[in-house]
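Undergrad: To start, I am sharing the structure in question, which I have written as structure tokens.
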Amino acid sequence: MKTLQSQKSPQELLQYLSDLGISHQTFHHDALMTVEQSQALRGEISGLHSKNLFMKNKKGALWLIVAEENQPISLNIVRKHLQAGNWSFASAELLMQHLGVEPGSVTPFGVINDTDGTVQVVLDQNLAQADEVNFHPLVNTQSTTLSGLDLQRFLDATQHPPLIIDFDLLT
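For the sequence shown, the numbering used here gives the first residue as 51, with consecutive numbering after it.
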């Protein structure tokens, strides 16, 4: 099991993005725990914003669903599409163990801490194709902007190639 000392810091994540040649900009703001808080408090950060759902099934498989914040998602339909079996939201302990983040800070950037490649990322097609997307850089007091293509480059570099889904077709 990974220790907290092995988890990457926000600064290490941002350096990793820079080392990959990924252009990014980070904004500091009050802590944001929910999509609703994010919409009210994030200010004028341009681009698409996300909701991130960390799921597990009874066999211990883990998924990180990364969708545009206003995208309706039927977890039952997505579960069937992924052939995930019965699933539920993963615990805060699993979230910290695999992604190195606390509830309220869930982000696709967390896969930098999933060195075992346990988590399958399911990425909204709208985010994958967007010019600007925003995610917490492992803490919910900041938001980092990059392109959807650069997000995919990051995911590939961390050995987490995303499964890209058009959620509009699954509603």
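Every residue gets a Cβ at the ideal spot worked out from N, C-alpha and C, and that includes glycine.
(1) Taking the CB atoms as reference points, tell me whether residue 174 and residue 118 lie closer together than 8 Å.
(2) Taking only runs of the alpha helix (DSSP H) that begin and end inside the segment 135-193, which ones reach a length of at least 4 residues, in chain order?
(3) So what does DSSP say about residue 109, is it helix, strand or coil?
(4) By Cβ distance, which residues of its chain are closer than 6 Å to residue 114, with the 5 residues on each side in sequence left out?
(5) If you draw a straight line from the C-alpha of residue 196 to the C-alpha of residue 64, how long is it?
(6) Output the distance between the C-alpha atoms of residue 57 and residue 142, rounded to the nearest integer angstrom.
(7) What residues in its chain sit with their C-beta under 6 Å from that of residue 213, if we drop five residues either side in the sequence?
(8) Exposed or buried, what is residue 106 when buried is set at 16 or more other beta-carbons lying within 10 Å of its beta-carbon?
(9) Quick check on residue 217: does DSSP put it in helix, strand or coil?
(10) Relative to the C-alpha of residue 163, which candidate in 120, 149, 182, 134 has its C-alpha closest?
(11) Can you tell me the Cβ-Cβ gap for residue 252 and residue 187, rounded? I've got them flagged as a contact below 8 Å.
(12) Bridge partners for residue 22 per DSSP, in chain order?
(13) Beta-carbon separation of residue 96 and residue 182 under 8 Å?
(14) Taking the C-alpha atoms as reference points, what is the distance between residue 121 and residue 62?
(15) Closest to residue 80 by C-alpha separation, out of 134, 67, 193, 135, would be which residue?
(16) Helix, strand or coil for residue 125 per DSSP?
TA: The relevant details are as follows:
(1) yes
(2) 142-149, 175-178
(3) coil
(4) Here the set comprises 104, 169, 171.
(5) 11 Å
(6) Straight through space, the alpha carbons of residue 142 and residue 57 are spaced by roughly 15 Å.
(7) These residues qualify, in order along the chain: 172.
(8) Classification of residue 106: buried, given that the 10 Å Cβ count is 16 or more.
(9) Residue state for residue 217 is assigned as helix, using DSSP reduced to three classes.
(10) 149
(11) Summary: the structure shown does not reach residue 252, with the chain confined to residues 51 through 221, and so no result is reported for it.
(12) Any question about residue 22 goes unanswered here, given that the chain covers just 51 to 221.
(13) yes
(14) 30 Å
(15) Looking at the Cα atoms, 193 is the closest of the given residues.
(16) helix
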